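Data block below; observations after.
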Amino acid sequence: MKYAIVTGGTRGIGKEICRKLLMQGFSVISVYDNDDVSAQLTRQEFETEFRSLFYLIKCDLSNTDNILFLLSEVKLITESVDVLILNAGKTIRKGLVDMTIEEWESVMAVNITTPLFLIQRFLPLMLRGSNIIFTGSSMAVFPHSVSLSYGISKSAVHAMVKNLVKFLVPFEIRINCVAPGFVDTEWQKDKSPEVRESIMKKISLKHFAKPEEVASVYLFIIDNQYLNGEIITIDGGYSYQ
Ligand SMILES: NC(=O)c1ccc[n+]([C@@H]2O[C@H](COP(=O)([O-])OP(=O)(O)OC[C@H]3O[C@@H](n4cnc5c(N)ncnc54)[C@H](OP(=O)(O)O)[C@@H]3O)[C@@H](O)[C@H]2O)c1
130 MKYAIVTGGT RGIGKEICRK LLMQGFSVIS VYDNDDVSAQ LTRQEFETEF
180 RSLFYLIKCD LSNTDNILFL LSEVKLITES VDVLILNAGK TIRKGLVDMT
230 IEEWESVMAV NITTPLFLIQ RFLPLMLRGS NIIFTGSSMA VFPHSVSLSY
280 GISKSAVHAM VKNLVKFLVP FEIRINCVAP GFVDTEWQKD KSPEVRESIM
330 KKISLKHFAK PEEVASVYLF IIDNQYLNGE IITIDGGYSY Q
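FYI, in my numbering the residues of the sequence shown are 130 to 370.
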């Protein structure tokens, strides 16, 4: 049995990654924070659709003390992991003037610190030939105009992926990153029609990505054994206008 862990795997991009992994016969362990309703609906949907196993673990990744809790919960399910997808992300829409240290630290915890130490703690479980895939963002490349902490944290995610390649060589683990542009998930739903319109003008394909379009890139990375240390952008041609 092949096991995949997907953080943020109950909604949005993560949910569609789980669906594609289940279609490939993986057992999937999905980690979420507090939206129990979405988590249970996702479980019901997958349990009727697939015969592969789908597990839920509720764990707030903004608290680094929860890293060992998550490890112990995963070990109750499996002693080996084939795919670790570090997809959960956090943003706080504040800039230089109004952001607090606590807000900065909570974004960094979810987006960088916890994922890094999850990798460290999960290494003994990860099989040779296994995969780690982060969700980065095109906002790592185009400076963010609203959330300073988010833009910097996603730049750090891209840098972390590049830096970890050499450290993972002895373990024969590949590490890559998918960097989406704008994706139609809850994440984007609070943007006004005017803001969405102005973003779409900068996307050459003139619309946001569907979560499943982004999710298929993770499966491509798992399948292609020669991809390592890559940041794969999927943004519909953002800013080619
Ligand atoms: N949507 C976009 O346009 C876009 C663009 C570029 C990059 N991204 C990146 O893509 C990733 C997924 O985004 P999305 O749009 O799919 O988001 P989403 O639809 O809001 O889903 C977020 C998922 O992450 C989980 N999560 C959030 N905070 C968590 C925490 N502290 N601990 C554990 N789980 C947590 C959520 O659990 P709950 O439901 O329990 O909260 C949910 O399962 C993020 O890293 C984001 O930065 C998104």
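Built from N, CA and C at the ideal position, the CB exists for glycine as well. If you're wondering where the values come from, they're calculated on a predicted model, not measured in any experiment.
For F246, the enclosing alpha helix (DSSP H) begins and ends at T243 to F251. For V270, the distance from the CB to the nearest heavy atom of ligand 1 is not below 8 Å. Counted as a single uninterrupted DSSP element, the alpha helix (DSSP H) harbouring L151 occupies residues G141 to M152. Counting only residues of its own chain and dropping the five nearest sequence neighbours on each side, E341 has a CB closer than 8 Å to the CB of E145, R148 and K149. As the crow flies, the alpha-carbon of V239 is around 28 Å from that of I332. Taking 4 residues as the minimum length, the alpha helix (DSSP H) runs contained wholly in the region 278 to 346 are 315 to 318 and 322 to 330, in order along the chain. Taking C-beta atoms as the reference points, V290 and N305 count as a pair closer than 9 Å.
When distances are taken from the beta-carbon of N292 to the heavy atoms of ligand 1, even the shortest one reaches 8 Å or more. If you check the C-beta of G265 against ligand 1, you find a heavy atom less than 8 Å away. If you check the C-beta of A168 against ligand 1, you find a heavy atom less than 8 Å away.
Its Cα nearest to that of G218, the residue I241 stands out among Y132, G358 and I241. For Y184, the shortest separation between its Cβ and any heavy atom of ligand 1 does not lie below 8 Å. When DSSP states are grouped into helix, strand and coil, V275 belongs to the coil group. K283 counts as buried, since no fewer than 16 other beta carbons sit within 10 angstroms of its beta carbon. Residue pairing by DSSP places M237 opposite no residue, since no beta bridge is assigned to it. In the structure shown, S201 falls within a helical segment according to DSSP collapsed to helix, strand and coil. A residue is called buried when at least 16 other Cβ atoms come within 10 angstroms of its Cβ; H336 does not meet this threshold and is exposed. The C-alpha of G141 is placed about 15 Å away from the C-alpha of I363. Take K131, set aside five residues on each side of it, and the residues of its chain with a beta-carbon closer than 6 Å to its own are F155 and D211, in chain order.
Scanning the region 164 to 217 from its first residue to its last, the whole beta strand (DSSP E) runs of 3-plus residues come out as 183 to 187 and 210 to 215. Restricting attention to A308, I262 and T207, the CA atom closest to the CA of D352 is found in I262. Secondary structure at I262: strand, using DSSP grouped into helix, strand and coil. In the DSSP assignment, T229 is bridged to no other residue.
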